[in-house]
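Trainee: Quick one: structure below, then a few questions.
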Ligand code: ADP
Ligand code: ADP
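Numbering (the working numbering), first residue to last: 3 to 226.
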């Protein structure tokens with residue numbers, strides 16, 4: 003899938019109290035691209051990511067995946083589209099604390115009433131080094147392991163596109179480095195489109211295309 007972001011803007015708030023979070027932003031994302039987006043706190047990174055991934059709608063402009071305008075259909079269509087086509091990784095992992103790693107990873111399939119394939123689960127768990135951790139609860143895992151469970155959950159429904167919002171932001175540099183490398187491997191070996199928001203210059207530098215956003219204005223860095 004190619005993603006076309008066409009002149010999207012976002013204004014929050016009421017008439018008296020308006021915040022322009024995103025100035026007209028356009029980008030074309032091709033299947034298999036690895037894109038990073040850097041910028042200071044409050045610059046509009048999460049807003050941009052939420053709109054491109056369909057978690058939020060733009061004030062103006064469109065986002066199309068191949069020819070589908072994702073903000074045009076019903077909420078139900080949009081959430082089904084997200085569950086099948088998009089994987090999310092967040093800074094705060096967002097694992098369900100009472101479920102094991104295995105159950106957390108399989109949750110997207112459960113929500114979509116898709117029967118889990120044990121072989122596929124073990125393949126993903128192996129890829130992320132989680133084979134021995136599947137029966138653990140999140141609190142029994144290190145931060146890096148928890149984030150790897152979250153990455154496995156993002157992959158289980160085999161989406162084409164992965165969005166990661168500060169995936170290493172809550173990790174020490176060693177486990178952050180491991181998570182970084184795994185995301186790169188996933189993009190290369192599994193041919194996923196990967197879009198990462200990060201403060202981490204090293205992670206941003208691993209991307210093929212680097213964008214920055216300052217005061218809501220997005221721009222692409224020249225290739226180096
Ligand atoms: P970043 O992810 O770069 O930290 P955000 O996209 O979260 O930036 O925020 C961009 C701007 O929009 C900030 O000024 C923020 O305060 C504002 N903002 C974000 N979400 C909302 C909201 N739901 N209501 C009002 N203002 C918001
Ligand atoms: P932070 O940047 O504060 O650490 P996160 O990156 O964890 O926050 O989450 C960013 C935003 O994404 C949050 O505002 C949250 O509401 C939203 N979010 C988190 N998990 C999900 C999810 N599974 N589905 C949809 N939205 C989510």
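Glycine included, every Cβ here is placed at the ideal spot set by N, Cα and C.
Put residue 176 into one of helix, strand or coil per three-state DSSP.
Mentor: Residue 176: helix per DSSP, three-state reduction.
Trainee: Measuring alpha carbon to alpha carbon, tell me which of 50, 21, 14 and 86 ends up nearest residue 166.
Mentor: It is 50.
Trainee: What's the C-alpha gap between residue 2 and residue 158?
Mentor: Residue 2 cannot be examined here, being either before or after the span of the chain that is shown, 3 to 226.
Trainee: Are residue 181 and residue 133 close, meaning C-beta to C-beta below 9 Å?
Mentor: Not in contact: residue 181 and residue 133 (Cβ atoms no closer than 9 Å).
Trainee: Output yes or no for whether 9 Å exceeds the beta carbon distance between residue 206 and residue 143.
Mentor: Taking 9 Å as the Cβ cut-off, residue 206 and residue 143 do not qualify as a contacting pair.
Trainee: Let me make sure I understand the geometry here. Which of 153, 64, 179 and 29 has the alpha-carbon closest to that of residue 97?
Mentor: Comparing Cα-Cα distances from residue 97 to each of 153, 64, 179 and 29, the minimum goes to 153.
Trainee: If residue 99 sits next to residue 63, beta carbons under 8 Å apart, how far is it from one beta carbon to the other, in whole angstroms?
Mentor: Incorrect: roughly 38 Å between the Cβ atoms, too far for contact.
Trainee: Touch check for the stretch 184-199 and the stretch 16-25: three-plus C-beta pairs under 8 Å?
Mentor: Not touching, per the Cβ criterion.
Trainee: Would residue 112 be called buried (16 or more neighbouring beta carbons within 10 Å of its own) or exposed?
Mentor: That one is exposed.
Trainee: Output needed for residue 119: all residues of its chain with C-beta closer than 8 Å, excluding positions within five of it in sequence on either side, in chain order.
Mentor: For residue 119, where only same-chain residues beyond five positions count, there are no Cβ hits under 8 Å.
Trainee: Span of the beta strand (DSSP E) holding residue 166?
Mentor: Note, residue 166: beta strand (DSSP E), 163-167.
Trainee: To the nearest angstrom, how far is it from the Cα of residue 194 to the Cα of residue 221?
Mentor: One C-alpha to the other measures close to 23 Å.
Trainee: Measuring only the C-alpha atoms, how far is residue 208 from residue 179?
Mentor: Looking at the two C-alpha atoms, the distance is approximately 11 Å.
Trainee: Does DSSP classify residue 48 as helix, strand or coil?
Mentor: In this structure, residue 48 counts as helix in the three-state DSSP scheme.
Trainee: Is residue 198 a contact residue of ligand 1, with contact defined as CB to any heavy atom under 8 Å?
Mentor: Result no, Cβ not under 8 Å from ligand 1.
Trainee: Which of helix, strand or coil does DSSP assign to residue 77?
Mentor: Looking at residue 77 - three-state DSSP - the assignment turns out to be helix.
Trainee: Taking residue 105 as part of the alpha helix (DSSP H), name the residues at either end of that continuous run.
Mentor: Run containing residue 105: 103-113, per the alpha helix (DSSP H) assignment.
Trainee: So residue 31 and residue 5 are supposed to be a Cβ contact under 8 Å. How far apart are they, rounded?
Mentor: Going by Cβ atoms, the distance from residue 31 to residue 5 rounds to 4 Å, so yes, they are a contact pair.
Trainee: Would you tell me roughly how many angstroms separate the C-alpha atoms of residue 201 and residue 124, rounded to the nearest one?
Mentor: Looking at the two C-alpha atoms, the distance is approximately 32 Å.
Trainee: Following the continuous alpha helix (DSSP H) through residue 116, name the residue where it begins and the one where it ends.
Mentor: Unbroken run through residue 116: none, as it is neither H nor E.
Trainee: For the alpha helix (DSSP H) containing residue 155, list its first residue and its last residue.
Mentor: Run containing residue 155: 145-157, per the alpha helix (DSSP H) assignment.
Trainee: Quick one: is residue 65 buried, meaning 16 or more other Cβ sit within 10 Å of its Cβ, or exposed?
Mentor: Buried is the call here.
Trainee: Using the beta-carbon count (16 or more within 10 Å), is residue 35 buried or exposed?
Mentor: Classification for residue 35: buried.
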